[in-house]
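Enquirer: First the structure, then my questions, so here it is.
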Amino acid sequence: MTGKHGESPGTHRESVGTHADGAGTHEERAKWSDYLPSLQLVAFIEWTGTGLFLAASTIYFVRIVGLSVTSVGAGLAIAGAVAMPAAVPVARLAERFGPRRVLVGVDLIRSVATLAYLWVDGWRGFLCVAIVIAVTEQSSAPLVQAYVGARVERNLRSRVMAMQRTIVNLGISAGGLIASVALGRGDRASFDWLMIGGAAAYAAVALLLLCVRGDEGAQRTQPRVGLLLKDWKLLGFTLYNAVLSLWTPMLNVAFPLWLVTRTDVPERYVGILYAVNTVACVALQYPLNACYRTPRRSWVSYGVAGGLLAVSCAGFSLAPGVEPSTAVAVMAGSIVLLTFGEVLQVGASWTLSYELAPEHARSAYLVLFNLGRTMANRVAGPLLMTGVVLALGTAGWVLLAGIFLLSSAVPVLALVRRLPAKASVLGPVS
87 MTGKHGESPG THRESVGTHA DGAGTHEERA KWSDYLPSLQ LVAFIEWTGT GLFLAASTIY
147 FVRIVGLSVT SVGAGLAIAG AVAMPAAVPV ARLAERFGPR RVLVGVDLIR SVATLAYLWV
207 DGWRGFLCVA IVIAVTEQSS APLVQAYVGA RVERNLRSRV MAMQRTIVNL GISAGGLIAS
267 VALGRGDRAS FDWLMIGGAA AYAAVALLLL CVRGDEGAQR TQPRVGLLLK DWKLLGFTLY
327 NAVLSLWTPM LNVAFPLWLV TRTDVPERYV GILYAVNTVA CVALQYPLNA CYRTPRRSWV
387 SYGVAGGLLA VSCAGFSLAP GVEPSTAVAV MAGSIVLLTF GEVLQVGASW TLSYELAPEH
447 ARSAYLVLFN LGRTMANRVA GPLLMTGVVL ALGTAGWVLL AGIFLLSSAV PVLALVRRLP
507 AKASVLGPVS
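Shown next as structure tokens:
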């Protein structure tokens, strides 16, 4: 970062974190310990609300609103695609006012939109609200990352983000458990209260964020976001990260449908294997943060993640041809490999996106960088999984494995070329 942004006012601030003496470390922790508990509390509340919403939303739209499963899926896909251009104005706002202030607005809008679902009585109303929700969901994560980047010393960012994601998984699990109790009743009132609970969680997050001190990163002048959209390094890295982010629709779309339609494994194992993924994420994310703490290690993590995801695909492809008990073991192994790949890919993306982003436009970079993940998760990924992987069966899984395997070669090229810091996101190679 020093060679890349040597004239930046933030250089001295980041250099503090590179000292090895104990006093420097104590000073750093004193700084981020002032606001980190608040940030983690915000994450837990937000994702508990999201867990409530995710557990209830699809069933609510089908059973209560009366929409078909196909129309709900189409609406969510359209909402995800329509929401993507909103990243540009969000990026401008984040650079103008700072990520924390924009996060407050995003969570307030999300709270109101979640409540609005209670008055939806048809597909058009559902689509309108879903678009608003999609905009807020795609904006939240990069704004949090931008806020951490503004407040946390460089050598501590991966640790803080790892802890953040651990809290996120705990929050989703807590929300899902609460929702499961309410869903057992199955009446309209139970669904309504889950929606209200989600909306209340987002409103509480906005209130807590207002109480967090400081908002580094706000700019007095309007940043030229259009220039970022012409940055081929940003676009190339965004596309590459999107390819490796395909583990999300692989886990959420391809895996459960493959288990249910192509194997004799009981459906209850979908939930059990999801739990394996969640528990493993919670257990691994923070301990493995050393694997992606530097740019060089992050490129290596990307390469390893691609290989692990490829082997995971191969495992899924073998499940239909074996006995149910063996298929469960094969799928469990594939889920574990996918989880390791997930943890490494997500962690590497934090470090390298921070490295790529210039100090004066970090928030905008991170918001735009997140577009690749949004495309993989909401638009292209589900279509690829249903229209290609599942449609082709075993050949589809082999094709997906090939894509991941090819992607694992990109970090090798990046490390071998050893471009100067100003020309790549590789950073120091020593």
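The opening residue of the sequence shown carries number 87 in the numbering used here; numbering runs sequentially from there.
Even for Gly, the Cβ is constructed at its ideal location relative to N, Cα and C.
1) Beta-carbon within less than 6 angstroms of Y233's beta-carbon, same chain only, minus the 5 sequence neighbours each way: which residues are those?
2) Distance, Cα to Cα, L321 vs L442?
3) Would you report the Cα separation of V206 and L499, rounded to the nearest angstrom?
4) Output yes or no for whether 9 angstroms exceeds the beta carbon distance between L430 and L394.
5) Specify the secondary structure class of Q371 as computed by DSSP and reduced to three states.
6) Please report the straight-line C-alpha distance between A481 and V475, rounded to a whole angstrom.
7) Can you check whether the C-beta of V155 is within less than 9 angstroms of a C-beta belonging to chain D?
8) Would you mind stating whether W333 and G433 have Cβ atoms separated by less than 9 angstroms?
9) Please work out which residues of its chain come closer than 6 angstroms, Cβ to Cβ, to V329, disregarding the five sequence neighbours upstream and downstream, and give them in chain order.
10) Beta carbon of L337, beta carbon of A248: below 9 angstroms?
11) Only counting the same chain, and skipping five residues up and downstream in sequence, which positions put a Cβ closer than 7 angstroms to that of V155?
12) Looking at the structure shown, is S197 part of a helix, part of a strand, or coil, going by DSSP?
13) Would N255 and C367 be called neighbours here (beta carbons separated by less than 9 angstroms)?
14) If you reduce the DSSP assignment to three classes, tell me which class P497 lands in.
15) Whole angstroms is fine: what's the gap from E353's alpha carbon to A405's?
16) Can you tell me whether DSSP reads V188 as helix, strand or coil?
17) Count the CB pairs spanning the region 262-277 and the region 378-394 that are closer than 8 angstroms, and state whether there are at least three.
18) Looking at I258 and T380, is the spacing between their C-beta atoms short of 9 angstroms?
Expert: So, from the listed chains and residues:
1) On the sequence shown, position 147 is the one that residue 233 refers to. So the list reads P185 and R186, once near-sequence residues are dropped.
2) Taking the first residue of the sequence shown as 1, we reach residue 321 at position 235. Taking the first residue of the sequence shown as 1, we reach residue 442 at position 356. Straight-line Cα distance between these residues: approximately 11 angstroms.
3) As a position in the sequence shown, residue 206 is number 120, starting the count at 1. As a position in the sequence shown, residue 499 is number 413, starting the count at 1. Computed Cα separation, rounded: 51 angstroms.
4) For the purposes of this step, residue 430 is identified with residue 344 of the sequence shown, where counting begins at 1. For the purposes of this step, residue 394 is identified with residue 308 of the sequence shown, where counting begins at 1. Result yes, Cβ atoms of L430 and L394 sit closer than 9 angstroms.
5) As a position in the sequence shown, residue 371 is number 285, starting the count at 1. Three-state DSSP puts Q371 in coil, outside helix and strand.
6) If you number the sequence shown from 1, residue 481 lands on position 395. If you number the sequence shown from 1, residue 475 lands on position 389. Approximately 7 angstroms, taken between the alpha carbons.
7) The displayed structure is made up of one protein chain only, and chain D is not part of it.
8) Position 247 of the sequence shown, counted from the first residue, corresponds to residue 333. Position 347 of the sequence shown, counted from the first residue, corresponds to residue 433. No.
9) Numbered from 1 along the sequence shown, position 243 holds the residue referred to as residue 329. Excluding residues within five positions, the ones whose Cβ falls inside 6 angstroms are S493.
10) Position 251 of the sequence shown, counted from the start, is the residue given in the question as residue 337. Position 162 of the sequence shown, counted from the start, is the residue given in the question as residue 248. No, the pair does not count as a contact, with Cβ atoms beyond the cut-off.
11) Residue numbering aside, residue 155 sits at position 69 when the sequence shown is read from its first letter. The residues are V148.
12) Here residue 197 is taken as the residue at index 111 of the sequence shown, counted from 1. Residue state, collapsed to three classes: helix.
13) Numbered from 1 along the sequence shown, position 169 holds the residue referred to as residue 255. Numbered from 1 along the sequence shown, position 281 holds the residue referred to as residue 367. Yes, the Cβ-Cβ distance between N255 and C367 is below 9 angstroms.
14) Looking up residue 497 in the sequence shown gives position 411. Note: P497 maps to helix in three-state DSSP.
15) By 1-based counting over the sequence shown, the position of residue 353 is 267. By 1-based counting over the sequence shown, the position of residue 405 is 319. Answer to the nearest angstrom: the Cα atoms are 14 angstroms apart.
16) The residue given as residue 188 occupies position 102 in the sequence shown. Three-state result, V188: helix.
17) no
18) The residue you call residue 380 lines up with position 294 of the sequence shown. The residue you call residue 258 lines up with position 172 of the sequence shown. Not a contact, by the Cβ cut-off of 9 angstroms.
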